[in-house]
Amino acid sequence: MKKSIEEIAGETGRYSPAAFKFVYEGLGYTVQNIAKEPRHVSGQTLCEGLRRMALERYGRLAMLVLSSWGIKVTRDFGEIVYTLIDHEWMNAQPSDSIDDFNAVYDLRAALKDQFQF
């Protein structure tokens, strides 16, 4: 039987269950709103979808929310994705790599610096 997201998060201890849920839901968001080929979403495309979803949901607090879950850089999205792949919550193509999530963008700049005060 497949483990729940809460169990997976508890075992890894690195990210909160909310972070795992956010990334999992972000895949659906990305497929619906961004992906040109819905059967496969690259790491870079998923990162963009997660950025947009975070801004829609949390606005100026997006970086604070993600940081409180343990997400500080785009590689963290990849760590969560590959943990979910290991637990059969997501799938990857042979050409996919966790390195696809390395430094896709500066998370802090992408979530905070666009707001004018």
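Count the sequence shown with this note's numbering and you get residues 11 to 127, in order.
We put the beta carbon where it would ideally sit given N, CA and C, even for glycine.
Remember, it's a predicted structure, so these values are computed and weren't measured experimentally.
{"Asked": "Secondary structure, alpha helix (DSSP H): runs of 4+ residues fully inside the segment 15 to 58", "Found": "15 to 22 and 27 to 43"}
{"Asked": "Three-way DSSP call (helix, strand, coil) for Met100 in this model", "Found": "coil"}
{"Asked": "Cα-Cα separation between Val114 and Ala72, rounded to whole angstroms", "Found": "17 Å"}
{"Asked": "Beta carbon of Asn43 nearer than 9 Å to that of Arg85", "Found": "no"}
{"Asked": "Cβ neighbours of Pro27 in the same chain (closer than 6 Å, five flanking residues each side left out)", "Found": "Ile15, Glu16 and Ala19"}
{"Asked": "Length of the line joining the Cα atoms of Ile90 and Lys46", "Found": "23 Å"}
{"Asked": "Presumed contact (8 Å Cβ cut-off) between Gly59 and Tyr39, rounded CB distance", "Found": "5 Å"}
{"Asked": "Environment of Met11 [buried if 16+ CB atoms lie within 10 Å]", "Found": "exposed"}
{"Asked": "For Leu121, the first and last residue of its enclosing alpha helix (DSSP H)", "Found": "Leu117 to Lys122"}
{"Asked": "For Val83, three-class secondary structure by DSSP", "Found": "coil"}
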